[in-house]
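For the sequence shown, our numbering assigns the number 69 to the initial residue and increments by one for each residue that follows. Some notes on the structure that comes next.
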Amino acid sequence: MSKVLIVAEHADGRLNAATAKCVKAAGSLGASEIVVAVFAAPGSPVPALAAQLAGVARVLEVSHAANEHPLAATLAPQVAEVAEPFTHVLGPSTTFGKDLMPRVAALLGAPQVSDIMAVESATRFKRPIYAGNAITTVEVAAGTKIVATIRIASFEAAAGGGAAQIESVTPKAALPAHTRFVSLEAAGGDRPDLQSAAKVISGGRALASTDAFKLIYSLADKIGAAVGASRAAVDAGYVPSDMQVGQTGKIIAPELYIAIGISGAIQHLTGIKDARTIVAINKDPEAPIFEVADIGLVGDLFTIVPELEKLIAAGRK
Ligand SMILES: Cc1cc2nc3c(=O)[nH]c(=O)nc-3n(C[C@H](O)[C@H](O)[C@H](O)COP(=O)(O)OP(=O)(O)OC[C@H]3O[C@@H](n4cnc5c(N)ncnc54)[C@H](O)[C@@H]3O)c2cc1C
């Protein structure tokens, strides 16, 4: 039977919703036991949060001062040590998981299955290839330890209400001295995290400047949305690269996605195909984004976006 270890993603004392999605994916493996490992500094509130996820049998609290800031180089040897009795080691297919899990696979000498979007059995999985234009089924030989990343856009989050037991684990693994935390510069401030936000507004090349992106931030703040961007907007330097949505950016699945001044290139659409409702604002009625949009507004964004904001503000009164 499968024993699944999930590496929790968390920041600022909060559990990232990606972890609950990994728990759901582990549930579909038919696991006999699902365990969440929380690598954090001593005194973190995150193990107690992970213990509330339905389906989780145990939470391993791996406390170490070096775990205050998640560094893949520091976490990987600890994960590899804790993973020893497990058949599967899962992490989310987020920036965190994509950085960490290949190192874990290398240390364990295990194969990695990346971006699992569906589970057929404990050893057979579906994953997207060619920018999501094809889906491949991969099978790992039975009896092989599997390291995998879970495409969080493809799974619902596990419910709350669980009461898993929390066990404290002290890692013995020697931690590398070549990599250490110096400082963190995070974009976005108080805005929701792009990969787990329920609402996302993205701007494209049409914004034409960093300054004009303030229109997008302002609208996003009115509705509590995260902000993303097309690669053209990132390449032009209007916004930082961690805001890029798409094949080579973030794959997201919000309830509401608003694409503003974005043409809808296939590489962008790959990142949003699991979004529930897509709204597009574009002055070109032939723009490909309208082929996938549920609601389309044809017109100049510099007129439409301020009007939309006014209507939202008026609606609140
Ligand atoms: C290997 C590879 C990977 C890639 N990965 C990604 C990726 O991850 N994410 C991604 O986004 N792209 C990616 N791309 C790039 C992608 O092919 C497109 O070039 C890019 O998405 C275009 O960005 P855009 O829609 O902002 O710009 P454009 O294609 O230039 O579109 C701008 C749109 O704005 C509209 N517009 C202009 N002015 C206004 C106005 N005033 N009001 C309203 N609408 C207006 C135009 O009609 C047009 O439709 C990748 C490409 C390659 C080759």
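Cβ coordinates follow ideal geometry from the N, Cα and C atoms, glycine included.
Exercise. With respect to the alpha helix (DSSP H) encompassing E359, which residues constitute its N-terminal and C-terminal limits?
Worked result: I357 to V360
Problem set entry | Pair within 7 Å by beta-carbon distance, K290 and E377 | yes
For this session: Can you tell me which of the three DSSP states Q120 falls into?
Result: Secondary structure at Q120: coil, using DSSP grouped into helix, strand and coil.
For this session: Might you give, ordered along the chain, the residues of its own chain that have their beta carbon closer than 8 Å to the beta carbon of G230, omitting 5 neighbours on each side?
Result: A119, Q120, L121, A122, G123 and V124
Exercise. Excluding five sequence neighbours on each side, which residues of the same chain lie with their C-beta closer than 6 Å to the C-beta of G364?
Worked result: Contacts found: A348 and F358.
Problem set entry | Straight-line Cα distance separating T338 from P356 | 13 Å
Problem set entry | Nearest candidate by alpha-carbon position, reference L252, set V215, I328 and H137 | H137
Exercise. With C-beta atoms as the reference, is A294 less than 7 Å away from P260?
Worked result: yes
For this session: Using 10 angstroms around the beta-carbon of P239, count the other beta-carbons present and answer buried if the total reaches 16, otherwise exposed.
Result: When all chains shown are included, P239 counts as buried.
Problem set entry | Range covered by the alpha helix (DSSP H) that runs through I220 | No alpha helix (DSSP H) holds I220; DSSP gives it neither H nor E.
Exercise. Do you know offhand how far A86's Cα is from I284's?
Worked result: 25 Å
For this session: Can you check the segment 222-272 for any beta strand (DSSP E) of at least 3 residues that lies completely inside it and give the ranges in chain order?
Result: 233-237 and 267-271
Exercise. Would P145 count as contacting chain D if we go by Cβ distances under 7 Å?
Worked result: The structure shown contains no chain D, having only a single protein chain.
Problem set entry | Expected contact under 8 Å - CB spacing of V106 and V114 to nearest Å | 5 Å
Exercise. With contact counted as at least three CB pairs below 8 Å, one residue from each stretch, are the segment 271-287 and the segment 168-179 in contact?
Worked result: no
For this session: Quick one: residues in its chain with C-beta nearer than 7 Å to the C-beta of F281, no 5 flanking neighbours on either side, listed in chain order?
Result: Excluding positions up to five away in sequence, the list reads G271, L275, Y306 and V307.
For this session: To the nearest angstrom, report how far apart A94 and G367 are at their CA atoms.
Result: 45 Å
Exercise. Sorry if obvious, but does the Cβ on R167 come closer than 6 Å to a heavy atom of ligand 1?
Worked result: At residue 167 the sequence reads Asp, which differs from the Arg that was named. Every heavy atom of ligand 1 is 6 Å or more from the Cβ of D167, so no.
Exercise. Would you say the beta carbon of T316 comes nearer than 6 Å to a heavy atom of ligand 1?
Worked result: Yes, since a heavy atom of ligand 1 falls inside the 6 Å radius drawn around the Cβ of T316.
Problem set entry | Close Cβ partners of L139 (< 8 Å) along its chain, the five nearest in sequence each way excluded | T247, R248 and F249
Exercise. Near A76, which residues of its chain fall below 7 Å by C-beta distance, leaving aside the five closest residues on each side in sequence?
Worked result: So the qualifying residues of the chain are L83, T87, V104, A105, V106, V114 and A118.
Problem set entry | N350 in three-state terms, based on DSSP | Looking at N350 - three-state DSSP - the assignment turns out to be strand.
Exercise. K194 by DSSP, collapsed to three states: which one?
Worked result: Three-state DSSP puts K194 in a strand.
For this session: Kindly indicate the opening and closing residues of the beta strand (DSSP E) around T163.
Result: Taken as a continuous stretch (DSSP letters only), T163 belongs to no beta strand (DSSP E), being part of the alpha helix (DSSP H) at T163 to L176.
Exercise. When you compare only the Cα positions, how much space is there between D352 and S222?
Worked result: 31 Å
Problem set entry | CA nearest to the CA of G81, picked from T345, G111 and A321 | Residue G111 is the option with its Cα nearest to G81.
Problem set entry | Given Y264 as reference, the closest of Q335, A190 and P322 once Cα atoms are compared | Here residue 264 turns out to be Ser, not Tyr, going by the sequence shown. Comparing Cα positions, the closest option is P322.
Exercise. Where does Y285 fall in DSSP's three states?
Worked result: Looking at Y285 - three-state DSSP - the assignment turns out to be helix.
Exercise. For I340, does the three-state DSSP call read helix, strand or coil?
Worked result: Residue state, collapsed to three classes: coil.
For this session: Consult DSSP for G98 and reduce its assignment to one of helix, strand or coil.
Result: coil
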